[in-house]
Amino acid sequence: MGNIRVRFAPSPTGPLHIGGVRTALYNYLFAKKMGGTFILRIEDTDQGRYVPGAEDYIIEALQWCGLTPGEGLGVGGEYEPYRQSERKDIYQKYALELVESGGAYYAFDTSQALEERRAAEAAKGNHNFRYDNVSRREMKNGLTLPASEVTRRLEAGEEYVVRLKVPNDETVTINDLIRGPVSFQTNELDDKVLLKGDGMPTYHLANIVDDHLMRISHVIRGEEWLPSTGHHVLLYRAFGWEGTMPQFAHLPLILKPDGKGKLSKRDGAKFGMPVFPLGWEGETPEDSFRGFREYGFLPEAVINFLAFLGWNPGTEQEIFSLEELCQAFTIENIGKAGARFDYDKAKWYNQQYIQRSENEALAALVRPQLAPKGYAPDAGYLEKVCGLLKERMTFLTDFWAVGCYFFEEVKQFDDQNIAKRWTPESRPVFEALLAVIEKNKSFAAADIEVSVKDFIAEGGLKIGQIFPLLRIALTGSMQGPGVFEMMGVLGREKTVARLRKAIDYFDAL
RNA sequence: GGCCCGUUCGUCUAGGGGUCAGGACGUUGCCCUUUCACGGCAGAGACACGGGUUCAAUUCCCGUACGGGCUACCA
169 MGNIRVRFAP
179 SPTGPLHIGG
189 VRTALYNYLF
199 AKKMGGTFIL
209 RIEDTDQGRY
219 VPGAEDYIIE
229 ALQWCGLTPG
239 EGLGVGGEYE
249 PYRQSERKDI
259 YQKYALELVE
269 SGGAYYAFDT
279 SQALEERRAA
289 EAAKGNHNFR
299 YDNVSRREMK
309 NGLTLPASEV
319 TRRLEAGEEY
329 VVRLKVPNDE
339 TVTINDLIRG
349 PVSFQTNELD
359 DKVLLKGDGM
369 PTYHLANIVD
379 DHLMRISHVI
389 RGEEWLPSTG
399 HHVLLYRAFG
409 WEGTMPQFAH
419 LPLILKPDGK
429 GKLSKRDGAK
439 FGMPVFPLGW
449 EGETPEDSFR
459 GFREYGFLPE
469 AVINFLAFLG
479 WNPGTEQEIF
489 SLEELCQAFT
499 IENIGKAGAR
509 FDYDKAKWYN
519 QQYIQRSENE
529 ALAALVRPQL
539 APKGYAPDAG
549 YLEKVCGLLK
559 ERMTFLTDFW
569 AVGCYFFEEV
579 KQFDDQNIAK
589 RWTPESRPVF
599 EALLAVIEKN
609 KSFAAADIEV
619 SVKDFIAEGG
629 LKIGQIFPLL
639 RIALTGSMQG
649 PGVFEMMGVL
659 GREKTVARLR
669 KAIDYFDAL
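If you're matching positions, the first sequence starts at 169 in the numbering used here and goes up one per residue.
Set out below in structure tokens:
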């Protein structure tokens, strides 16, 4: 079978959707698994939908995810250019070649004329009008017009399109790697436009020409392309390229959390979750989005989550690094049915990855949250804090909420819980305890714990009278890591100052 | 409407003619713990329906239902 070459071919019409990321991921994994090449090609043949910045976004998003193309836009390669708008001449040449060979024809019907025709048919009760092997006989095209008339129109510069001449009465069958044999009746297929009035190719033409020229071995794309694959096969045939036609694998779609339709960009706002890898500044607030990155996701978690939306290794392992995914991936293990976007699962993955992060790595990821607040702790301190906090975070962005007291004084105390535990006798006890803590030699968590527990035992006290109040004194609330671990990290000075301040506050309540 | 694809716990899924239908998320309970979290244990929870084929179907075939996709000079 020659070299494995796969391409991810998004169109730059806006930020890359998470479904697109998964398509890229599966292409990437397949390429890596097979020792092949992962190619990035930009399908910008619709000048009307081109969005500035989208291309950079795509590249940045792939990079964030770790899905680096081995060839293509931004990387270069043997088959440049990889931006379809720069390949216009190529498509034109092939389209005309197809007209010559009889596989395609010129058509002069304007979009407006077609619209009117469709409306007229609809009025008659026929909602299925299409430009096909029957209706083309009554349209204005190279098959109905005399040759001289066609030449005249072309020479007059009249706008035209090139349409695929779909043959009659044939059955086209592909063997989809995920779904098995899928057949299409050519009589059901319309004469797709290949070359548009503006001289640009449609997806159908461009993708076949490029896949052929770029020696693509496998086309792994979303299921929304399955219905037009019959046309694609016909095109390979018309060009005489069927012998080297790539194999197809149509991926199941990612569905909305409620299962009603495929996930779309608006679902982010609707369900309160990200549907794009990175944030995007659109022209309006409705067109601006926070991405997984801004929500506080780790790219490794997003990748792991996405990989399992429609694929699984057949084992019970759930956590996979990108490298492990590359090893384990097979197209055979991709499911057929659409998968709902399970945001709870995504959160769980993120939490798992945060917990497994090295303190050092986590500290670096979390540091940017501190600067705007005016804090720049030294690395060692921040790492220790991360060590205590990481099992309490689901998102990177939880860091501040969950551990702000490691950087600034307690602003809000849990008065209810203080009132429940603080008695008139508490003050002398806590003052004595404070002295014990302050005098601790090493100020290591374990040592403080010993002395505090000794103090409690000697005084005939109960842990419940002491620990919770100590905790509230330090953090303001009933939540957080172990009290002594926190003291150890905060250090003698801060710990003592907070306890002293808290005793006054508690007593004044 | 037409064409194409699909259907195992609420969700993601494993499995495959004879299984106690397995795992994970979520959920419930318990344990751990000074608290929250983590972790551990336990529980509830699924083969869409109807016909075949077969000694035996969740698994194979056919229908039905339901869901999804496509149906542009968009990709």
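Each residue gets a CB set at the ideal place from its N, CA and C atoms; glycine is no exception.
- In this structure, DSSP gives D344 an extended state, which the three-state scheme calls strand.
- Secondary structure at T213: coil, using DSSP grouped into helix, strand and coil.
- With respect to the 9 Å criterion, F297 and E289 are classified as neighbours on the basis of their beta carbons.
- The shortest CA-to-CA distance from D212 to any of C233, A192, Y274 and R251 is the one to R251.
- Considering only F575, K669, D622 and T205, the residue with the shortest C-alpha distance to P540 is F575.
- Of the candidates I422, Y404, E284 and P420, the residue whose Cα lies closest to the Cα of P414 is Y404.
- Taking a 10 Å sphere around the C-beta of G187, we find 16 or more other C-beta atoms and assign the residue as buried.
- A check of alpha carbon separations from M654 across Y196, Y549 and L677 identifies Y549 as the nearest.
- Listed in chain order, the beta strand (DSSP E) runs fully inside the region 393 to 441 are 415 to 419, counting runs of at least 3 residues.
- Nearest to H418 by alpha-carbon distance, out of K424, W448 and L345, is L345.
- Between P481 and the set R461, G503 and E462, the nearest pair of CA atoms involves G503.
- D672 is classed as exposed because its beta carbon has fewer than 16 other beta carbons within 10 Å across all chains shown.
- Around the C-beta of A222, 16 or more other C-beta atoms lie within 10 Å, and the residue is accordingly described as buried.
- Close CB contacts of M382 within its chain, under the 6 Å cut and outside five residues either way in sequence, are with Y247 (chain order).
- The continuous beta strand (DSSP E) containing A275 extends over residues A272 to A275.
- When DSSP states are grouped into helix, strand and coil, Q353 belongs to the strand group.
- E559 and I522 have their C-alpha atoms spaced approximately 7 Å apart.
- Within the region 194 to 265, the alpha helix (DSSP H) runs of at least 4 residues that lie entirely inside it are, in chain order, 222 to 233.
- Rounded to the nearest angstrom, the gap between the Cα atoms of N171 and S316 is 47 Å.
- M202 and L235 have their C-alpha atoms some 15 Å from each other.
- Under the criterion of beta carbons closer than 8 Å, R595 and D675 qualify as touching, at roughly 5 Å.
- Counted as a single uninterrupted DSSP element, the beta strand (DSSP E) harbouring V387 occupies residues H386 to G390.
- Within the same chain, and ignoring the five residues on either side of K200 in sequence, the residues whose Cβ sits closer than 6 Å to its Cβ are C494.
- For V470, the uninterrupted alpha helix (DSSP H) run begins and ends at P467 to A475, by DSSP.
- Exclusion of the five residues before and after V318 leaves Y274 and G310 as the residues of its chain whose Cβ lies within less than 7 Å of its Cβ.
- Look at I502 here: in three-state DSSP terms it is strand.
- In this structure, R305 sits away from K424, with a CB-CB distance that is not shorter than 9 Å.
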